[in-house]
Structure formats: structure tokens, C-alpha cells
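Here's the structure we're looking at; comments come further down.
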Amino acid sequence: MVRAFRPLRPPVDREPVRGCRIGPLTTLPPVKGTLITLEGPEGAGKTVLARKLADALGARGHTVRLTREPGGTRLGERLRAILLERAGDAALSIDPRADALLFNAARAQLVAEVIAPALDAGEVVLCARFADSTLAYQGYGAGLPIEELRAIARVATGGLVPDRTILLDVAPDVGMRRKSPDAHNRFESGFDLDFHRRVRAGFLELAAEEPDRWRIVDSTRHVDPVFEDVLAAALEIL
Ligand code: ATM
């Protein structure tokens, strides 16, 4: 069940404090490489397709760094264990705002430790999920204000935006059927189908807002034609 969300208070309109700069938190890391993210609802095949894409780009001579969210660092993997716990009596209760901050804490560490250095070295970074997942799940799904989530993500990533985001689109009921019930995490077992429908609609809206960055791939098909489209979407910008 998702509870209705009480909006945060609007920001107070006041002059910025002189001499107080946000500084490095919103400074873009130097970018020589290319960041490609894969997004989509559960059961869309992100893990398999990210691996196949990494292999295909590697075979074309690119140096590829494959990673995922939440995770990819020691801190991120520990946070993943908390965030993706199975629902149940003993499971932690996590408020959507706490979710948003914890996913972004894992993201900040991943950018600092893995993504920014790899981009700086000119590598192609493939990341399964990134900041758009927070907008889709905690924003469109759980009802937190999108602009506030964007602001948190800017702090976490230093303003880093993917060069290409590939949305593996699949209806939530189809995606959910692809996963064994034993493998269901907190989001799959603890949130209803309407939540996942809002998440999918959110991804589609985000993609429509930035058509140059996003490519939508119909992931209900067999993995081979899906992969062809994913590879084409990546090669377009490499
Ligand atoms: P997978 O890595 O298996 O896709 O699971 C990650 C889950 O975390 C996914 N749940 N489902 N279904 C989506 C959720 N998630 C968020 O809610 N916000 C985020 O910012 C990220 C990165 C993931």
C-alpha cells in the first residue's frame, strides 16, 4: 500500500547567504567518457541487456565500465541490502523520503568512486538505473515532488546527466510475471500494481521530456531484437 504523500513546505524565498557557496557539491566532474544508463520497470531485462551491451561495446574496442544502482561500491552494496530487503514482518519500514536519500547516498558514492573517475579516463560507463529511477519510483510512484528529487540528485551526482538513457519498456504485470516470486524485493512485493503503473508512466513522461537523451525500446519482445535496438541506441552516440 502506498500512503498519500504530504508535500514538503515550499522553499522560503530569501537572499542567498553571501560567502556561502555550494561549491563542489554542484560542480560537474570533468567528462571525457560517455555515460549510458538503462532504466525501466522490473523484469525488463536490464541486467542481461547491460551485460550484453558491455560485451558488444568491448568487442568494438571501447573500454567499458559496467555498474549498477543501488550498488557498485562497498557502501552502495550495503545500502542495497537494506533498500532491497524482502517485504515481511521483520523488514524495515522505510519512508519514501528516506528511500530517496538512501538511493542518492549510494549514487553519490558510485559517482565519486566509480563513474566520475571512469568518465575522466575516457571510458564508456554503463549503469543499470541512475537518477531517473528515483524520479520514477519515489516521484511518480510514491508521490514525492519531482523538482525536489531533481535537486537531491544534483547534489548526489554533482549535476552529472547521462549522455544516453535507454528505457526498456514493459508493462508492469508482464515484467512481474518474468520474475520468480522468491526473488521479489521490497518494491515488488510491497507495492501494488498501480504503483508500478505510475512508475512506468513516469519513465515514459521523462523520456518524452528529453527526446535527445532517451531512447525507448519495447522490451516485451524476445531478447535478440531488444538487444539490437539497445546496441543501436548506444552506437548512435559513440
Ligand atoms: P533492480 O536493481 O533489481 O532493478 O531493483 C532495484 C529496485 O530499487 C527497483 N525495484 N523494483 N521493482 C527500483 C528501486 N529503486 C528506487 O526505488 N529508486 C532508485 O533511485 C533506484 C536506483 C532504484
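For the sequence shown, my numbering gives the first residue as 112, with consecutive numbering after it. C-beta: ideal position from N, C-alpha, C; glycine also. Since the model is a prediction, treat every value here as computed from it, not as a measurement.
Note to self: Below 8 Å, how does it come out for the region 275-289 and the region 316-334: are there three or more Cβ pairs, yes or no?
What the structure shows: yes
Next item on the list: Would you identify the three-state DSSP class for residue 279, choosing helix, strand or coil?
Entry: To locate residue 279, count along the sequence shown from 1; it is residue 168. Residue 279: strand per DSSP, three-state reduction.
Note to self: If you measure between the beta carbons of residue 218 and residue 161, is that distance less than 9 Å?
What the structure shows: Taking the sequence shown and counting its residues from 1, one reaches residue 218 at position 107. Taking the sequence shown and counting its residues from 1, one reaches residue 161 at position 50. No. Outside cutoff.
Margin query: Any heavy atom of the ligand ATM inside 8 Å of the beta-carbon of residue 303?
Written below: By one-based count along the sequence shown, residue 303 stands at place 192. It does not: the Cβ of residue 303 is nowhere closer than 8 Å to a heavy atom of the ligand ATM.
Check: Taking 8 Å as the cut-off, is the CB of residue 210 close to at least one heavy atom of the ligand ATM?
Finding: Within the sequence shown, the letter at position 99 stands for residue 210. Indeed, a heavy atom of the ligand ATM lies less than 8 Å from the Cβ.
Margin query: Looking only at its chain, what residues have a beta carbon closer than 8 Å to the beta carbon of residue 178, apart from the 5 residues adjacent to it on each side?
Written below: As a position in the sequence shown, residue 178 is number 67, starting the count at 1. Excluding sequence neighbours, residue 178 sits near 221, 225, 226, 236, 237, 238 and 239.
Item checked: Inter-residue Cα distance where the pair is residue 348 and residue 200 -> Position 237 of the sequence shown holds residue 348. Position 89 of the sequence shown holds residue 200. Going from the Cα of residue 348 to the Cα of residue 200 covers about 47 Å.
Next item on the list: Pull up the DSSP beta-bridge partners for residue 236, would you.
Entry: Residue 236 sits at position 125 when you count from the first residue of the sequence shown. Paired residues: 146 and 176.
Next item on the list: Go to residue 329, then tell me how far its beta strand (DSSP E) extends in each direction, as first and last residue.
Entry: In the sequence shown, counting from the first residue as 1, residue 329 sits at position 218. Note, residue 329: beta strand (DSSP E), 325-329.
Margin query: Which residue wins for smallest C-alpha separation from residue 72, given the options 146, 308 and 313?
Written below: This structure cannot settle anything about residue 72, because the visible part of the chain is limited to 112 through 349.
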